[in-house]
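Here is the structure we will look at, set down as structure tokens.
In this note's numbering, the protein residues as written are 1 to 485.
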């Protein structure tokens, strides 16, 4: 199939802050040797895989956790037989029985192959995990034969289906390296497009994620969700989530809502775990925010919180109960972020006061009262309270607190400075909120400097604080919208 590929302006890179939480929670990251680069043709990739398949048996490690205690351990395997979104099958020894572990318990898999392409693939995935999206995208592009490719003879850009050359027949599926490369390439495409607002790149990511018609051609894309239909990949849930986010970014809200609902339903039916129940449930709130409907977003996020609270009451596995407590607070954080953005946009002191009241409902004492009122036992209550200590939750709360002090009828600049500085120092890993805090730290320090006596040590200190915050914002978060204000 032939068609001109969409063009991309600039060099989009960076990771949306939504994924900081994901990076902390989802440690499925493959830790095996990897592959080489995107210049590899499909034949070369398949040839390398054939060589790897012919090599002697290799040990493969599965890093797993106990779903009740969260204790981690390593399972040594002769080979990984299969991975899907419900379970991972493996053999401990050659020709031994096939053993099964829930995919929900698998933290990472270390493949034993040592070929050069496997090493390059591992390196590209590691770059993606580190947030180096542009570097990862370039490397993964060389490892993924599908997508838009330039014809060396004509210079035309042609689309190659991602399932081109896949084995056929019952029980046949692509090699694991092809699966890993495809998923992470699709993910890198989306993260790149979302960070820059490049709708063409997000559309390209959607072609890699879903099996859909390719614009300007008569064929289909062979995207990941079609290629591994029915959850036939450990990455399937995340691919479905990325599809929902891509559709939201493209303004295809009805399709996005259906994808979020599918994810949430599957999380409960297949037992995919708290994260995907949460991601599916907050989807309507994200869509409402994208539409500019803050009221509906608040309703949706509140509904998500109530659902997660019910799940805490029904979850008997301690490790997952702790996760649910965290996601309950994160659902409230999504609402706080929406309220914060609205208050900033309207520059409304009453809106900041409303936000302050909402944040007070997320304190440890308030959560204990909530737990008591809902009949939660001591362990369930602890899950709620511990969840509120999540860095992202605390960073949003502190920024809201700081802005409340800054925009009060009688501004308290000192307390605002303390709140913003705490985010900068203690929660620097939450990039989006740190960037917001640095911006307001500089603004607040300038106001404090103007109010201090001319020539005083206090004025000089505030001025240095403002300059340092502005410099850190530019250097550490250059792609943040706060750095461009």
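Ideal Cβ positions, reconstructed from N, Cα and C, are used throughout, including at glycine.
By the criterion of a C-beta distance shorter than 7 Å, residue 352 is surrounded in its chain by 343, 403, 404 and 407, once the five residues flanking it on both sides are discounted. Residue 163 is classed as buried because its beta carbon has at least 16 other beta carbons within 10 Å across all chains shown.
Per DSSP, reduced to three states, the secondary structure at residue 363 is coil, with no helix or strand assignment. In its chain, beyond the 5 residues on either side, 136, 139 and 140 have a beta carbon closer than 6 Å to the beta carbon of residue 124. Judged by DSSP secondary structure, residue 313 falls within the alpha helix (DSSP H) whose first and last residues are 294 to 314.
A check of alpha carbon separations from residue 397 across 357, 409 and 386 identifies 357 as the nearest. Counting along the chain, the unbroken beta strand (DSSP E) around residue 72 starts and ends at 72 to 77.
A distance below 7 Å between beta-carbons, with the five flanking residues on each side excluded, links residue 161 to the following residues of its chain, in chain order: 146, 219, 220, 221 and 222. Judged by beta-carbon spacing, residue 359 lies within the 9 Å limit of residue 400, meaning their Cβ atoms are closer than that value. If you compare the alpha carbons of 350, 469, 383 and 423 with that of residue 410, the shortest gap goes to 350. Residue 328: member of the alpha helix (DSSP H) spanning 318 to 346, first to last residue.
Beyond the five residues adjoining it in sequence on each side, residue 213 comes within less than 8 Å, by CB distance, of 219, 220 and 221 in the same chain, given in chain order. With respect to residue 84, residue 233 sits close: the two C-beta atoms are nearer than 9 Å.
Boundaries for residue 233: no alpha helix (DSSP H) harbours it, and the DSSP string shows neither H nor E there. Here residue 482 carries a helix assignment [DSSP, helix/strand/coil]. Closest by C-alpha distance to residue 305, out of 293, 434 and 336, is 336.
The stretch 246 to 257 makes no contact with the stretch 266 to 275: fewer than 3 CB pairs, one atom from each, lie closer than 8 Å. For residue 85, there is no enclosing beta strand (DSSP E), as DSSP marks it with neither H nor E.
In the structure shown, residue 349 adopts helical secondary structure according to DSSP, grouped into three states. Residue 193 holds the alpha-carbon nearest to the alpha-carbon of residue 205 among 193, 215, 216 and 277. Judged by their CB atoms, residue 477 and residue 469 are not nearer to each other than the 9 Å cut-off. The beta-carbon separation of residue 239 and residue 209, rounded to 6 Å, stays under the 8 Å limit for a contact.
Here the stretch 373 to 385 lies against the stretch 321 to 334, with 3 or more beta-carbon pairs under 8 Å apart. Residue 238 carries a helical assignment under DSSP once its states are collapsed to helix, strand and coil. Taking a cut-off of 8 Å for Cβ pairs, the stretch 370 to 381 and the stretch 303 to 321 touch, as three or more such pairs fall below it. Annotation: residue 60 is outside any alpha helix (DSSP H); the continuous beta strand (DSSP E) that includes it extends over 60 to 65. When DSSP reads this structure, residue 102 sits in a beta bridge with 87. Distances from the CA of residue 481 to each of 415, 196 and 169 were compared; the closest alpha carbon is that of 196.
Taking a contact as a CB-CB distance under 8 Å, the pair residue 330 and residue 278 counts as one, their CB atoms being some 7 Å apart.
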